[in-house]
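**Q** Here the sequence shown stands for residues 977 to 1124, numbered as in this note's numbering. From the three backbone atoms N, C-alpha and C, an ideal C-beta is built for every residue, glycine too. Remember, predicted model here, so these are calculated numbers, not experimental data. Have a look at this one before I ask anything.
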Amino acid sequence: MYPLLIIVVYEVFMRYVFNAPTTWGFEATTFLYGLHYMFGLSYADVHGAHVKVDIFTSLVSKKSQAVLSIITNLVFFMPVTICLTLWGIKYAYTATKGLEVNPTSWAPPIWPLKILMALCLVFLLIQGIANLLKDINILKQQGRKVLP
């Protein structure tokens, strides 16, 4: 986040004080923000920070919450994340194979960013699997409880 801040401050300073904007400032901030966002996906999932509707799930037992979480994970999260991950890996492979650069005047190599994007999607998929296993474990723990 600090490199992003430094680049934005530098770009604004150069643009408005010296009337000499950089050719790379906008792209660099876009790339860094994109990576920041992509790495934040799995981080937010670890901490349960993604937007969700707790109104309904807070009214049911832990076992029912785990069942609902497993269903939504298998029906919605996993298929979308698997498709995005496979697409991201293919996208990164194609970009790396051709040593893709961004078609601008600065022309920075973009293939390393696409590799990192695919890696972030792999992290998100791994976190989804961890969440699924956690919910299955909760279901098993709740099943072992003896009712009075």
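1) CB-CB under 8 Å to E987, same chain, minus the five flanking residues each way: which ones, in chain order?
2) Whole-angstrom Cβ separation of M977 and H1012, contact assumed at under 8 Å?
3) Assuming K1039 contacts L1115 (C-beta within less than 8 Å), just tell me the rounded distance between them.
4) Taking 8 Å as the limit between beta carbons, can you name the residues of its chain near M990, skipping five residues before and five after?
5) What residues in its chain sit with their C-beta under 8 Å from that of I983, if we drop five residues either side in the sequence?
6) Please go through the same chain and pick out, in chain order, the residues whose beta-carbon is closer than 7 Å to the beta-carbon of I1105, but skip the five residues on each side of it.
7) Consult DSSP for V1077 and reduce its assignment to one of helix, strand or coil.
**A** On the basis of the coordinates in this document:
1) P997, T998, G1001, F1002, T1005
2) Contact between M977 and H1012 is confirmed by a C-beta separation of about 6 Å, below the 8 Å threshold.
3) 6 Å
4) A996, P997, T998, G1001
5) Closer than 8 Å at the Cβ level, and outside the excluded window around I983, lie G1001, A1004, T1005, L1008.
6) none
7) Strand.
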